[in-house]
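Q:
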Amino acid sequence: MSLSRPGDAAAFRVGDRLAGQEPWEVYGERIRRYEVHFSGDRVEMIRGPIALEGYGLRLFRRRDEVTGVGHQASNDLTDEGIRAAAADAERGARYASFPTSQLQLPGGHGATGGIVEVLDRGLWEYPMDSLDSFVATLRDTFEGRKEVAPSFGSVRATLSEVSICNSSGLRTGYGHTTVELELGVKAFGGPEGPAPGEFWVNESDRRLRPIELPQRVDEWCRYAEDVRRGRPPPTGEMAVVMPPSVLAGILPIVFGGRFTGAARIRHVAPTAGMRLGAELASIHDDGRVPWAPMSSPVDDEGVPQRRRTLLDHGAVSTILYDSLHAGAFETQSTGSGFRGLSSSFRSWYRFLKPPDVSASTIALDPGTGGTDAELVESAGEGIWVQQIGWSSPDPLTGAFGGEIRLGYRIRGGKLAESIRGGTVGGIALAAEGSPSLMTRLEAIGSKASLSEPVSSPPVLVRPLVVAGE
Amino acid sequence: MGELSDAEDHLYRAVARLAERGPFVEVMAQAAAGLSIHFDGHETSFQAPARLRGAIFRGWTRTGWAEASVSGLDPASLKFAEGALERVLVHRPAHDNPPGVSSTARIDKATPMRRPMQDLDEEYLRNLAQEAFTWTTETADVHETRVQIGWRVEDRLYLNSTGARCNQEICRVRATILPVAMENGRVESDRYIHGGVGGSDILDGVDPEKARKAAERARALLHAKSPPAGKLAVLLAPSVTGYFAHESFGHGAEADQFVRNRSYLKPILGQVVGPEILTIVDNGAYPGAWSEIYCDDEGQPAQRTVLVDHGRFTGALHDRNTAAALGALPTGNARRSDFLSRSLVRMTNTYVEPGENTYEELVKEARNGVLLEAGAAGIEDPQGGQIQLKARMGHLIENGEVTDLVSSMALSGRVLEFLASIRGVSGREDFALDTGSCAKGKADFLPNAAGGPYLLASAVVGRA
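These protein sequence lines map, in sequence, to chains A and B.
Each residue of the first sequence is one higher than the one before, counting from 1 in the numbering used here.
Each residue of the second sequence is one higher than the one before, counting from 470 in the numbering used here.
1) In the DSSP output, what is W200/A paired with across the bridge?
2) How far does the alpha helix (DSSP H) with M586/B in it extend, from its first residue to its last?
3) Strictly under 7 Å for the Cβ-Cβ distance: is E452/A near chain B by that measure?
4) Of all Cβ atoms in chain B, is any one closer than 7 Å to the Cβ of R42/A?
5) Helix, strand or coil for G110/A, going by three-state DSSP, please let me know.
6) Measuring only between beta-carbons, confirm whether I937/B sits less than 7 Å from chain A.
7) For chain A, find out if any of its Cβ atoms is closer than 7 Å to the Cβ of S906/B; answer yes or no.
8) Using alpha carbons as the reference points, say which of Q516/B, H511/B, V494/B, R731/B lies closest to R91/A.
9) Does the beta carbon of Y321/A sit closer than 7 Å to a beta carbon anywhere in chain B?
10) Taking C-beta pairs closer than 8 Å, name the residues in chain A that E555/B reaches, listed in chain order.
11) Would you call the stretch 234 to 254 of chain A and the stretch 438 to 456 of chain A touching, i.e. three or more CB-CB distances under 8 Å?
12) Do L915/B and V871/B have their C-beta atoms closer together than 7 Å?
13) Where are the beta strand (DSSP E) runs, 3 residues long or more, that stay fully inside the stretch 313 to 373 of chain A, in chain order?
14) Report all residues from its chain with a CB closer than 6 Å to the CB of A553/B; omit the five preceding and five following residues, and keep chain order.
15) So F549/B is in the alpha helix (DSSP H); what residue range does that whole segment cover?
16) When the Cα atoms are used, what is the spatial distance from G20/A to V26/A?
17) Just to make sure I have the definition right: I need the residues of chain A whose C-beta is within less than 9 Å of the C-beta of A693/B. Which are they?
18) Mind listing the chain B neighbours of D88/A? Cutoff is C-beta to C-beta under 8 Å, in chain order.
19) Shortest alpha-carbon distance to R209/A belongs to which of D120/A, P458/A, A195/A?
20) Which whole-angstrom value is the C-beta distance of K186/A and P194/A, which I expect to be below 8 Å?
21) How is V539/B classed by DSSP in three states: helix, strand or coil?
22) Kindly provide the ranges of any beta strand (DSSP E) runs that are 3 or more residues long and lie completely inside the stretch 490 to 534 of chain B, ordered along the chain.
23) Among the candidates Q740/B, D913/B, A918/B, L798/B, whose CA atom is the shortest distance from the CA of F900/B?
24) From G107/A to G114/A, what does the alpha carbon distance come to, in whole angstroms?
25) When you compare the CB of S97/A with every CB in chain B, is at least one pair closer than 7 Å?
26) How is Q215/A classed by DSSP in three states: helix, strand or coil?
27) Can you find the residues in the same chain that come closer than 8 Å, C-beta to C-beta, to E685/B, ignoring five residues on each side of it along the sequence?
28) Leaving aside the five residues before and after E822/B along the sequence, list all residues of the same chain whose C-beta is less than 7 Å from its C-beta, in chain order.
29) Give me the subset of the stretch 707 to 737 of chain B whose CB atoms are less than 9 Å from a CB atom of chain A, sorted by chain position.
30) Can Y223/A and L460/A be called in contact, C-beta distance under 7 Å?
31) Check whether the Cβ atoms of P851/B and G753/B lie closer than 7 Å to each other.
32) Name the chain B residues whose beta carbon is nearer than 8 Å to that of G197/A?
33) List the residues of chain B that T368/A touches, going by C-beta distances under 7 Å, in chain order.
34) Using a C-beta cutoff of 7 Å, does E203/A count as contacting chain D?
35) So which residues of chain B does P293/A contact, with C-beta pairs closer than 8 Å?
36) Does DSSP put S708/B in a helix, a strand or coil?
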């Protein structure tokens, strides 16, 4: 979808006032946000439209072999406000220093990057009606369930018009939608049974999909019951199966931290050919996966997103660059400059902070491990981890680990009783020759699915350290 | 900052006009200024808080609270938000008063600063960051050091239709020094953080020796053993004790979880839940602490709330809604992340009060187990009563002595079982508060502090 009033987009209005201050770049957002919060089956609060329009501008000042980069964000689109923001950026650029003199900003009108599915048209046209209808369907789907009910939740929809321009002549933009769903699904304990348990749904999507709710609510209710009945796992090294929802909490941060030009400048990036994964592991960064939260036609500097191979059968293939880091190594940007990233979260408004180089969607090639049941059969004895409280991956050390919110014992090649509590962890990505989650991949399932910024089948890792009773 | 005072007259009149349409209306306006530097020997960059100013209006309607927020404090923007809320108030007129107590407080406070941060410019911060960088890079195997020094002063003005006016200007200052050690491709890091609420004098307390020790620890971690796994005696260092307080009786005692019937703590309010030596407090009025506030975003003065008093669970954290629902009084814990976010019951500075043991006594009492140091993360399950804490490093405790360094680990367990296992809390000399932040769900980040002294208990620990 094109911008509703392209000439009026925030970035273009600011860019038109920066003549004489080249080189510069402006990223603008015009946002409407709608939220429905509920407690049990009662709507607690409806919020919106929350209207926000703002921009982040960067000025680049070359001094000998370095470039001073100044950034300022603002929601003041008056001439005076733009002048003040530019003056702040100019002052920052004077004292800042980035090790390149080879900055190459993307240029050209209409560098759209083609079409990537990131906009829910129904939501865009009728946001509040769409949210109301989604919440009504959600409530209906829980109707009649005796032992399970929603305890709280919210659906938050963001409708964004992004505009990007720079002094090399780029003027581009696109619209996208984001939906955040948070839901506590509570299973009640009877007087004779275990205490209540709750399965916490906390996910980000590009669209509202009410048609899928009945099936998903069935699944969440089953998980809530399993949380209630779960017991801690045994302690020891064992086979662990992880679905993409668990990998989504680990891989993007680790690969996004180490496979980048920022890591290369600091001499902590891997070099091409290093063997950091098992032979069966081929991993890509793909910013064009339909409906993925990090997908978009162009990155936040206006460079078209693409698919890049990070690990090819276990060997390092390439790393990711934004414009600045590409300049430092005299290479091209890979379309990997993203704003609004903080740890594992991405803010619903992104213009506040300058872009940083990072991964988009981490895509793991399907393997020959077969169905979920066949992976479990291959595991023999071990655990299936369905949800980790917080994997808290460290992008520097590669360490990850956290509490098992829900899992299942694997006994005799079959899923058995549920697990609740205990920890699982290790090193996701280690130095060459050292064991890690990536080198201990024993099998990869045959069918990939999208879970937030990861597209992957479930994987079998043997062994990982599990701590429990 | 003059922007809020410039807008105050418009805000006041908007509240007065909206009050003719409903029984209660309030507004919170926000503006911020500041500067931070990032320096790591490769790159120097500066960040100033966005020139993002705005306001959020809230009014009581027939169907509950309604809100309208706007970015911008100019008269036209404020008029837009006022009009949006007015339409809701007219369309859904209230038949009653809102729940709970409406503030009538008159507060006008700013962080006392011996030397204002505003006097420090980019050049000063760059020189300071470059100096801090040299403290650590002399250590062998320290590959690089990331230095971040910054300050942010935030101005919030709250007005309502019952006469409250609360203006608070809070300045937070923090220096983070993060040495990274590398050997044969293995990377390890540690960090030294110093900060608080105040002026540039806070930066006088940045200690080069502590930065050097962080560098030495990062280097030592290159050869650290893997942590043990299983149920063990665990001695929590102050930063990890803070995560325990925050995740267990912080989130668990946020009374919106009570109202939603979502807290394992609700049925046991008033009961003994832990040993006599355990007292846990949330204190928004703690002078100089990272999450010190003068009032919350409903205009209630910040206060000290005792959550666990010598082992008895005595109190919860409230906003006006939860206080009304549960027959309590507001505790000054209604907080908005910013003018775009809804108000929620949130913690401020949450900590375990000092006890009477010494560190040495606790190590001896643990006998065999693990000391968890450098708290890194935590997460709670208010319904199931579980917590997860992560420590970036630790030491083995063998035969009553602290021995080998071990790498990062996670602690997991049921809070009530953990409480029952507490065997000791160290004294005031070990007490420390951190300078962190907290989200509710995956959003609504706020400055939060957590801390305490050393605490000895038992729990499941594993690699992380």
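Ideal Cβ positions, reconstructed from N, Cα and C, are used throughout, including at glycine.
A: Looking at the atomic coordinates:
1) Indexing the first sequence from 1 puts residue 200/A at position 200. Per DSSP, G184/A.
2) By 1-based counting over the second sequence, the position of residue 586/B is 117. Per DSSP, M586/B belongs to no alpha helix (DSSP H) and is neither H nor E.
3) Translated into positions along the first sequence, residue 452/A becomes position 452. Closer than 7 Å: no.
4) Here residue 42/A is taken as the residue at index 42 of the first sequence, counted from 1. Output row for R42/A: interface = no.
5) For the purposes of this step, residue 110/A is identified with residue 110 of the first sequence, where counting begins at 1. Any reading at G110/A must be qualified, since the residue scores a pLDDT of 48, below 50, and its modelled position is unreliable; the value itself is stated next. It is coil, neither helix nor strand.
6) With chain B running from 470 to 933 in the structure shown, residue 937/B is simply not present.
7) The residue you call residue 906/B lines up with position 437 of the second sequence. It does not; no Cβ of chain A falls within 7 Å.
8) Here residue 91/A is taken as the residue at index 91 of the first sequence, counted from 1. Nearest of Q516/B, H511/B, V494/B, R731/B to R91/A, Cα basis: Q516/B.
9) By one-based count along the first sequence, residue 321/A stands at place 321. Chain B has no Cβ within less than 7 Å of the Cβ of Y321/A.
10) Numbered from its first residue, the second sequence carries residue 555/B at position 86. Those within 8 Å of E555/B in chain A number zero; the least Cβ separation is about 15 Å.
11) Short answer: they touch.
12) Here the question's residue 915/B lines up with position 446 in the second sequence. Here the question's residue 871/B lines up with position 402 in the second sequence. No, Cβ-Cβ distance for L915/B and V871/B is not below 7 Å.
13) 362 to 364
14) What you label residue 553/B is simply residue 84 of the second sequence in a count that begins at 1. The residues are A537.
15) Position 80 of the second sequence, counted from the first residue, corresponds to residue 549/B. 544 to 560 is the span of the alpha helix (DSSP H), which, as asked, contains F549/B.
16) Residue mapping note: residue 20/A aligns to position 20 of the first sequence, counting from 1. Residue mapping note: residue 26/A aligns to position 26 of the first sequence, counting from 1. Each residue's Cα considered, the two are about 14 Å apart.
17) One-based indexing of the second sequence puts residue 693/B at position 224. By Cβ distance, chain A contributes nothing, its closest Cβ being about 11 Å from A693/B, past 9 Å.
18) By 1-based counting over the first sequence, the position of residue 88/A is 88. Those are A517, R520, listed as they occur along chain B.
19) Translated into positions along the first sequence, residue 209/A becomes position 209. R209/A has its Cα closest to that of D120/A, out of D120/A, P458/A, A195/A.
20) Within the first sequence, numbered from 1, the residue matching residue 186/A stands at position 186. Within the first sequence, numbered from 1, the residue matching residue 194/A stands at position 194. No, K186/A and P194/A are not in contact; Cβ-Cβ is about 13 Å, not under 8 Å.
21) To locate residue 539/B, count along the second sequence from 1; it is residue 70. Of the three classes helix, strand and coil, the one that applies to V539/B here is strand, per DSSP.
22) Correct list: 494 to 508, 513 to 516, 523 to 530.
23) As a position in the second sequence, residue 900/B is number 431, starting the count at 1. Among Q740/B, D913/B, A918/B, L798/B, the Cα nearest to that of F900/B is on A918/B.
24) One-based indexing of the first sequence puts residue 107/A at position 107. One-based indexing of the first sequence puts residue 114/A at position 114. Roughly 16 Å between the two C-alpha positions.
25) By 1-based counting over the first sequence, the position of residue 97/A is 97. Chain B, which has a Cβ nearer than 7 Å to the Cβ of S97/A, makes this yes.
26) Reading the first sequence from its first residue, position 215 is the one you call residue 215/A. Reduced to three states, the DSSP call for Q215/A is helix.
27) As a first step, residue 685/B is located in the second sequence; it is residue number 216 there, counting from the start. Within the same chain, Cβ atoms closer than 8 Å to the Cβ of E685/B are found at T608, the five residues on either side in sequence being excluded.
28) For the purposes of this step, residue 822/B is identified with residue 353 of the second sequence, where counting begins at 1. Excluding sequence neighbours, E822/B sits near T748, V750.
29) D725, Q726, V728, R729, N730, R731, Y733
30) Here the question's residue 223/A lines up with position 223 in the first sequence. Here the question's residue 460/A lines up with position 460 in the first sequence. No.
31) Position 382 of the second sequence, counted from the start, is the residue given in the question as residue 851/B. Position 284 of the second sequence, counted from the start, is the residue given in the question as residue 753/B. No, Cβ-Cβ distance for P851/B and G753/B is not below 7 Å.
32) To locate residue 197/A, count along the first sequence from 1; it is residue 197. Ordered by position in chain B, the residues that pass the 8 Å Cβ test against G197/A are Q852, G853.
33) Numbered from 1 along the first sequence, position 368 holds the residue referred to as residue 368/A. The premise fails here: T368/A is roughly 29 Å from chain B at the closest Cβ pair, so nothing lies under 7 Å.
34) The structure shown contains no chain D; its protein chains are A and B.
35) As a position in the first sequence, residue 293/A is number 293, starting the count at 1. Those within 8 Å of P293/A in chain B number zero; the least Cβ separation is about 12 Å.
36) Residue mapping note: residue 708/B aligns to position 239 of the second sequence, counting from 1. Three-state result, S708/B: helix.
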